[in-house]
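Counting in this note's numbering, the sequence shown runs from 6 upward without gaps.
Think of the CB as a built atom: it goes at the ideal place given N, C-alpha and C, for glycine as much as any other residue.
Working notes, beginning with the structure itself.
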Amino acid sequence: MLGIAFALESVLTVRTAQGAIAWVISLLTFPYLAVPAYLVFGRKKFEGYFDQREEIEGESEDLIEQTSDTVAQHIIPGAGESSFYTSLRKLARMPATSGNAVELLINGEQTFDSIAAGLTSAEKYILFQFYIIRDDQLGQRLGKIMIDKARVGLNVKVLYDEIGSQGFPATKLCQQMISAGIEVSAFNTRQVRRPTKIRKSKTIQRIRYLRAFYDFLKGLIIRIRGYIRSRFQLNFRNHRKIVVVDGQIAWIGGHNVGDEYLGLNKKIGHWRDTHTRVEGPAVLAAEIVFATDYRWATKRALEIDWDSVSLDKGDSNILVFPSDPATKFEETGLMYHQLIVDARERIWIASPYFVPDRSIIAALQLAALRGVDVRVIIPDEPDGPFVAMANWSYTKELLPAGVQVYRYQGGFMHQKVLLMDDQISGVGTANFDNRSFRLNFEITLLVDDPAFATKVSTMLEADMQHSRKVYEEDIKNKPFWFPLAMGVARLMSPVL
């Protein structure tokens with residue numbers, strides 16, 4: 006009965022037909038396995054957040070308006086032929102700004118040395134947000150700096166994701182932070198304000214016996230979800246990584262706070278990731294994104310010196326591109342799609358998870374067919390067997406169109422990087438999969454700067470040197486069971 010109930014709910018609420026079909030088949034065929042999975046992973050609506058979204062969004066718009074005079078001379082008008090300043094700016098709900106300086110940080114050592122130096126230089130406040138924060142060597146190193154700053158009166162705020170950082174509140178490091186006066190807050194998805202509303206079909210409303218059955222199922226779903234799902238929901242993770250110091254410097258990228266991101270985990274080994282350090286008006290946009298998440302986590306407005314803005318730091322035009330599951334559009338997916346369509350010379354993508362939807366696959370195929378240099382870098386050893394098989398499935402579909410696929414060797418590649426032509430670069434937290442497109446809170450730094458694009462190109466070329474290029478024969482020579490495994494993973498890809 007539960008399998009039928011949740012199958013009906015998935016038809017009514019899941020955003021995509023592929024996702025709904027995957028859940029319906031699983032729930033009806035393997036209910037004992039699929040029902041628990043659906044309770045944990047199946048929800049496609051962020052309960053409570055929708056109710057507060059307009060209010061929070063309004064506060065963000067007010068912040069942008071209040072601070073726009075300070076950076077007015079650096080705001081790039083949303084006009085012209087480039088999608089960077091038209092559709093993408095509208096999707097981001099942020100202004101693109103000039104006068105920025107951006108530094109590419111290509112490993113954990115560079116990233117955390119830079120962040121540690123920035124934290125040490127702080128004089129007013131620190132904003133520190135990560136999906137994962139661990140009480141290990143790295144966490145203690147950065148934590149000690151922030152604790153020392155808080156003890157001398159600086160305003161230090163730490164924000165972590167409740168799922169990604171499970172157990173962190175009970176750690177000695179977290180307790181030391183709180184004792185020192187640091188405000189430590191969790192971003193979670195269990196703050197249910199009211200039961201989820203299920204959209205009603207007009208046909209169901211008009212036919213009495215179906216309406217009665219519908220009401221029964223709706224009540225059953227609400228009762229079960231009200232207690233269980235709000236406690237075990239793993240969707241809607243806040244995957245953002247943002248550090249801001251004094252409104253002058255920001256760091257955005259793929260690293261979390263854990264020793265494995267420095268390659269110190271013997272089981273994982275070498276960790277390949279990318280981060281950025283930014284100075285200029287774009288720092289203000291990063292602060293506003295942090296303020297939005299802080300507002301949800303604490304129910305309070307972020308009180309910092311909003312006039313502390315750095316200007317005229319460099320020649321890079323930057324659009325800070327946030328995305329979340331509570332908006333009308335799937336911003337990250339649309340952003341990737343737009344840049345692929347706009348590409349005239351090349352589109353290079355590096356992502357640890359490569360599970361795109363149909364429209365993205367078609368855009369990549371068409372780009373390659375029209376002569377664009379399309380390359381995709383993924384880990385040779387992905388995170389889990391389903392992801393591995395899904396990667397192979399999409400690789401098989403891309404190769405005949407001329408897309409070049411590289412599998413990174415000698416460690417785990419976690420970077421999320423995009424390069425379009427010799428102009429636009431993207432570095433951030435968003436993976437190339439349905440979860441980042443539709444379910445996670447993400448942030449990407451889009452940089453319009455040929456000089457920075459050259460650095461990104463050099464970095465990705467080095468990654469390809471450490472990768473194995475995939476050919477169609479590699480897939481043809483796989484064992485007999487491999488196509489079936491790819492098919493199963495492909496079927497489940499909308500919910501991976």
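State buried or exposed for Arg375, treating a residue as buried only when at least 16 other CB atoms are found within 10 Å of its CB.
Exposed, by the Cβ-count rule.
Spell out the partners DSSP gives Met151 in its beta bridges.
Met151 is not bridged to any residue.
Measure the C-alpha to C-alpha separation of Ser431 and Ala393 and round it to an integer number of angstroms.
At residue 431 the sequence reads Gly, which differs from the Ser that was named. Approximately 24 Å, taken between the alpha carbons.
Measuring CA to CA, which of Asp317, Gly416, Leu339 is closest to Leu96?
That would be Leu339, whose Cα lies nearest to the Cα of Leu96.
Find the nearest neighbour of Leu124 within the set Leu489, Ala155, Met418, Phe442, judged by alpha-carbon distance.
The closest CA to that of Leu124, considering only Leu489, Ala155, Met418, Phe442, is found on Ala155.
Leaving out five residues on either side along the sequence, give the residues of the same chain with a beta carbon under 6 Å from the beta carbon of Gly407.
Taken in chain order, the residues that qualify are Ala373.
For Thr463 and Met99, the rounded distance between their alpha carbons:
If I take the Cα positions, the gap works out to 29 Å.
Since Ala191 is in the beta strand (DSSP E), which residue starts that stretch and which ends it?
For Ala191, the enclosing beta strand (DSSP E) stretches over residues 188–192.
For Pro484, is the classification buried or exposed, using 16 other Cβ atoms within 10 angstroms of its Cβ as the cut-off for buried?
If you draw a 10 Å sphere on the C-beta of Pro484, you find fewer than 16 other C-beta atoms in it, and that means exposed.
Can you grab the Cα-Cα spacing for the pair Gln210 / Tyr399, in whole Å?
With a pLDDT of 49 at Gln210, under the threshold of 50, the modelled position of that residue is not reliable, and the figure given next carries that caveat. So the alpha carbons of these two residues sit roughly 41 Å apart.
Comparing C-alpha positions only, which one of Arg380, Val452, Ile111, Phe135 sits nearest to Arg94?
Distance from the Cα of Arg94 is smallest, within the candidate group Arg380, Val452, Ile111, Phe135, for Val452.
Asp166: first and last residue of the uninterrupted beta strand (DSSP E) it sits in
First-last of the beta strand (DSSP E) with Asp166: 160–166.
Alpha carbons only, please: which of Ser356, Ile168, Ile152 is nearest the one belonging to Cys179?
Comparing Cα-Cα distances from Cys179 to each of Ser356, Ile168, Ile152, the minimum goes to Ile152.
Can Asp298 and Leu465 be called in contact, C-beta distance under 9 Å?
Taking 9 Å as the Cβ cut-off, Asp298 and Leu465 do not qualify as a contacting pair.
Assuming contact is defined by CB atoms lying nearer than 9 Å, are Asn112 and Trp276 in contact in what I supplied?
Yes, they are a contact pair.
Figure out for me which residue from Phe457, Ile383, Trp397 has the closest Cα to the Cα of Lys421.
Nearest to Lys421 by C-alpha distance, out of Phe457, Ile383, Trp397, is Ile383.
Within a Cβ cutoff of 6 Å, which residues of the same chain sit near Asp438, ignoring the five residues on either side of it in sequence?
Excluding residues within five positions, the ones whose Cβ falls inside 6 Å are Tyr358, Val360.
Taking its Cβ as the centre, do 16 or more other Cβ atoms sit within 10 Å of Val76, making it buried, or is it exposed?
So Val76 ends up on the buried side.
Which residue from Gly148, Ser119, Ile366, Asp468 puts its Cα closest to that of Gly186?
That would be Gly148, whose Cα lies nearest to the Cα of Gly186.
Nearest by alpha-carbon distance to Gly169: which of Leu403, Gly389, Lys460, Gly263 is it?
Comparing Cα positions, the closest option is Gly263.
Pull up the CB-CB distance for Glu2 and Asp427, whole angstroms please, since I reckon it's below 8 Å.
This structure leaves residue 2 out entirely; the chain is present only between 6 and 501.
Which value, in whole angstroms, describes the spacing of the CA atoms of Ala127 and Leu450?
Note on geometry: alpha-carbon atoms of Ala127 and Leu450 lie some 23 Å from one another.
What's the call for Gly172, buried or exposed, on a 16-neighbour Cβ count within 10 Å?
Gly172 should be labelled exposed.
For Pro174, which residues in the same chain have their Cβ closer than 8 Å to its Cβ, ignoring the five residues on either side in sequence?
For Pro174, where only same-chain residues beyond five positions count, the Cβ hits under 8 Å are Val189, Ala191.
Can you tell me the Cβ-Cβ gap for Gln409 and His471, rounded? I've got them flagged as a contact below 8 Å.
The beta-carbon separation of Gln409 and His471, rounded to 15 Å, does not stay under the 8 Å limit for a contact.
Examine the Cβ distances between the stretch 247–259 and the stretch 275–289 and report whether three or more of them are shorter than 8 Å.
Yes, they touch.
Assuming Asn322 and Ser103 are in contact, meaning their beta carbons sit under 8 Å apart, how far apart are those beta carbons, in whole angstroms?
Approximately 5 Å separates the beta-carbon atoms of Asn322 and Ser103; this is inside 8 Å, confirming the contact.
Contact set for Lys202: own chain, Cβ-Cβ below 6 Å, skip 5 residues either direction:
In this prediction, Lys202 scores a pLDDT of 36, lower than 50, which makes its location untrustworthy; no coordinate-derived value is stated.
Give me whichever residues DSSP pairs with Val392 in a beta bridge.
Its beta-bridge partners do not exist; DSSP assigns none.
Pro327: buried (16+ other C-beta within 10 angstroms of its C-beta) or exposed?
Per the 10 Å Cβ criterion, buried.
What is the DSSP secondary structure of Glu447, counted as helix, strand or coil?
When DSSP states are grouped into helix, strand and coil, Glu447 belongs to the strand group.
Boundaries (first-last residue) of the alpha helix (DSSP H) holding Tyr299
Per DSSP, the continuous alpha helix (DSSP H) segment holding Tyr299 begins and ends at 287–303.
Does the beta-carbon distance from Leu344 to Ile429 come in below 9 Å?
Yes, they are a contact pair.
Report all residues from its chain with a CB closer than 7 Å to the CB of Val346; omit the five preceding and five following residues, and keep chain order.
Hits under 7 Å: Ala368.
So Lys474 is in the beta strand (DSSP E); what residue range does that whole segment cover?
Following the DSSP letters along the chain, one finds Lys474 inside the beta strand (DSSP E) bounded by residues 472–474.
Hey, out of Arg495, Gly433, Phe442, whose CA is closest to Thr502's CA?
Coverage of the chain is limited to positions 6 through 501, which leaves residue 502 absent and any answer about it impossible.
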